[in-house]
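Participant: One structure coming up, written as structure tokens, with questions to follow.
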Amino acid sequence: MPTVLGSLRRLVLAPSPAEVTFARRGFPVAPSPVTRRLEAVPQAVVCGFEWGIEAGDPREIEGRLGLVDPEQRGFAFEGATMAFTVLDAMGRGRRTRDLLTGAGQPHIFLAYIGIGFAMARLPRRLWPKVLPDLTGTAYHPTMSWLAVDGYGFDLAYFHTRRWVDEQQVPRPYPWQGAPEYFPRAVDQGIGRALWFIHGAQHRQVAAAVRKFAEHRQADLWSGVGLAATFAGGCGAEALAELCDEAGEHRAELAQGSVFASKARVYAGFVPGHGEVASAALTGLSAADAAALGDECAVHSDPATAPTGLPAYELWRRNVRVRLAQDGRAATVTE
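Counting from 1 along the sequence shown, just add 2 to a position and that's the residue number in the numbering used here.
Here it is in structure tokens:
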């Protein structure tokens, strides 16, 4: 049952569904069936957040989340995770852990992104409290870098002038003991946001990526590939052109697509646009792309990685190398 305190928290912390529309955000796109479908993504996140912040108990909202359309369900879990992360970080509790070891486990990839959305609304001094102990669960802590990706997406989506137009770079933070990698993971989230900001118009997305400093573009392209596959918005022909636009960063674009397919397959639902995008960007079905992702996985402690890179980046690099070896991506950026 909603509480007075929960309602106040929702009003203070959550944008309304209208606030996340492209028109309200001032994105340079005209309304269309594609933009309306893309807008449904942040709106599903907002719904999940509102349910979570008002209920405050995973058992109270799991039934609601289960009723959400399968294509949008992961986004609703993303919002609920954001809410529970805020509540846990501002007080004491294990709501996030209970959700992610329970009904939210199939949506763990998007749930990490939800943690990143919470980070964007919490002071850095509370960040050590945002990541629950998920020891023993799949892909933890390697994939927790998706929280930083989510943080970057939130910055770009809600503060577009500063992080996209002015291309500012956030201060490093020692996430998983790798502060130097933090800005790169943020850029991966910014790349995902560019797909939404430009309404899946592939040429405009590519032009937006190329406006950034050259050393940032590889990670931005990875984010574009993830968004294009997970959220959709383009047909096969446009996606083929997107591959051409990526040029030397074709491998990064494909790697992002692989991770999107992995997330969809793990959640148990792959929409039609996900299959189209996977085929266009990687030459693989979503199931085969997810399998390739698993074959390339790195689970070692980042502190023991001989390169000094987090296991997450070694995993991403392995995917890029495999795609290049299989002739599915022309180049691999080190």
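We treat Cβ as the ideally placed atom computed from N, Cα and C, and that holds for glycine.
Taking C-alpha atoms, which residue in Pro-19, Ile-63, Gly-310, Arg-318 lies nearest to Leu-255?
Facilitator: Considering only alpha carbons, the answer is Arg-318.
Participant: Hey, which unbroken runs of the alpha helix (DSSP H) at 4 residues or more fall wholly within the stretch 218 to 246?
Facilitator: Within the stretch 218 to 246, the complete alpha helix (DSSP H) runs of at least 4 residues are 219 to 232.
Participant: CA-CA distance, Thr-306 and Ala-180?
Facilitator: Interpretation of Thr-306 is limited by its pLDDT of 45, a score under 50 that renders its predicted location unreliable; no figure is taken from the coordinates.
Participant: Who are the near neighbours of Leu-13 in its chain, counting only those whose CB is closer than 6 Å to its CB and skipping five residues on each side?
Facilitator: Since pLDDT at Leu-13 reaches only 40, below the 50 mark, its modelled position is unreliable, and no value is offered.
Participant: Would you give the residue range spanned by the alpha helix (DSSP H) that Ser-18 belongs to?
Facilitator: That residue, Ser-18, is in no alpha helix (DSSP H); it is neither H nor E in DSSP.
Participant: Would Gln-178 and Ser-224 be called neighbours here (beta carbons separated by less than 8 Å)?
Facilitator: The answer is no: Cβ separation not under 8 Å.
Participant: With a cut-off of 8 Å on the beta carbons, I'd call Gln-190 and Asp-156 a contact; round off their distance for me.
Facilitator: No, Gln-190 and Asp-156 are not in contact; Cβ-Cβ is about 13 Å, not under 8 Å.
Participant: In angstroms, rounded to a whole number, what distance separates the CA positions of Arg-127 and His-217?
Facilitator: The straight-line gap from Cα to Cα measures roughly 29 Å.
Participant: If you scan the stretch 75 to 104 from start to end, which runs of the alpha helix (DSSP H) of 4 or more residues do you find wholly inside it?
Facilitator: Complete alpha helix (DSSP H) runs here, min 4: 97 to 102.
Participant: Measure from the alpha carbon of Glu-52 to the alpha carbon of each residue in Arg-38, Phe-24, Gly-76, Gly-81, then state which is nearest.
Facilitator: If we check each option's Cα against that of Glu-52, Gly-81 comes out closest.
Participant: Thinking Val-188 and Gly-154 are a contact (beta carbons under 8 Å), I'd like their distance in whole angstroms, please.
Facilitator: Confirmed, Cβ separation roughly 4 Å.
Participant: DSSP three-state label for Val-171, please.
Facilitator: Looking at Val-171 - three-state DSSP - the assignment turns out to be coil, as it is neither helix nor strand.
Participant: Alpha carbon to alpha carbon, what distance is there between Ala-248 and Arg-324?
Facilitator: Distance between the alpha carbons of Arg-324 and Ala-248: 18 Å.
Participant: Looking only at its chain, what residues have a beta carbon closer than 8 Å to the beta carbon of Gln-219, apart from the 5 residues adjacent to it on each side?
Facilitator: For Gln-219, where only same-chain residues beyond five positions count, the Cβ hits under 8 Å are Val-211, Arg-212, His-251.
Participant: CB Arg-94 to CB Pro-134, shorter than 8 Å?
Facilitator: No. Outside cutoff.
Participant: Within 10 angstroms of its Cβ, does Tyr-71 collect 16 or more other Cβ (buried), or is it exposed?
Facilitator: According to the sequence provided, residue 71 is Asp. The question's Tyr does not apply to it. It counts as exposed.
Participant: How long is the line joining the alpha carbons of Pro-19 and Arg-38, rounded to whole angstroms?
Facilitator: When rounded, the distance between both Cα atoms is 12 Å.
Participant: Label Arg-26 either buried or exposed according to how many other C-beta atoms from any shown protein chain fall within 10 Å of its C-beta, with 16 as the threshold for buried.
Facilitator: Looking at its Cβ environment, which holds fewer than 16 other Cβ atoms inside 10 Å, Arg-26 is exposed.
Participant: Identify whether Leu-133 lies in helix, strand or coil by the three-state DSSP scheme.
Facilitator: Three-state DSSP puts Leu-133 in coil, outside helix and strand.
Participant: Between which two residues does the alpha helix (DSSP H) carrying Thr-144 extend?
Facilitator: That residue, Thr-144, is in no alpha helix (DSSP H); it is neither H nor E in DSSP.
Participant: If we call anything under 8 Å between Cβ atoms a contact, is Tyr-159 one with Leu-311?
Facilitator: In this structure, Leu-311 does not lie closer than 8 Å to Tyr-159 by Cβ.
Participant: Just to confirm, are Phe-77 and Gly-106 a CB contact at a threshold of 8 Å?
Facilitator: Their beta carbons are not under 8 Å apart, which means Phe-77 does not touch Gly-106 by this criterion.
Participant: Thr-144 and Thr-268 - do their beta-carbons sit closer together than 8 Å?
Facilitator: Before going further, note that residue 268 is Tyr rather than Thr in the sequence given. Not closer than 8 Å, so no.
Participant: Buried or exposed for Arg-75, going by 16 or more other Cβ atoms inside 10 Å?
Facilitator: Flag for Arg-75 reads buried.
Participant: What are the boundary residues of the alpha helix (DSSP H) that includes Glu-64?
Facilitator: Its alpha helix (DSSP H) spans residues 60 to 69.
Participant: Please determine, among Val-48, Val-132, Gly-68, the residue with the shortest C-alpha to C-alpha distance to Val-88.
Facilitator: Minimum Cα distance to Val-88 is reached at Val-132.
Participant: Leaving out the 5 sequence neighbours to the left and right, which residues in its chain are closer than 7 Å to Thr-284 when beta-carbon positions are compared?
Facilitator: Contacts found: Ala-256, Ser-259, Val-260, Ala-291, Leu-325, Arg-330.
Participant: Here's the rule I'm using: 16 or more other beta-carbon atoms within 10 Å means buried, otherwise exposed. How should Gln-1 be labelled?
Facilitator: Outside the shown range of the chain, which is 3 to 336, sits residue 1, and nothing can be said about it.
Participant: Using a Cβ-Cβ cut-off of 6 Å (strictly less than) and excluding sequence neighbours within five positions of Asp-221, which residues of its own chain qualify?
Facilitator: These residues qualify, in order along the chain: Arg-186, Asp-189, Gln-190.
Participant: Need the endpoints of the alpha helix (DSSP H) that Gln-327 sits in, please.
Facilitator: Run containing Gln-327: 313 to 327, per the alpha helix (DSSP H) assignment.
Participant: Going by the C-beta, is Val-171 closer than 7 Å to any heavy atom of the ligand HEM?
Facilitator: For the structure depicted, the ligand HEM is absent and the ligand set is empty, with no information on it obtainable.
Participant: Just verifying my parser: in three-state terms, what is the DSSP assignment at Leu-286?
Facilitator: If DSSP states are grouped into helix, strand and coil, Leu-286 belongs with coil.
Participant: Between Leu-69, Arg-266, Ala-253, which has its C-alpha nearest Gln-327's C-alpha?
Facilitator: When each option's Cα is compared against that of Gln-327, the closest is Ala-253.
Participant: Grouping DSSP H, G and I as helix and E and B as strand, with all else coil, what is Phe-29?
Facilitator: In the structure shown, Phe-29 sits in coil (DSSP, three-state: anything other than H, G, I, E or B).
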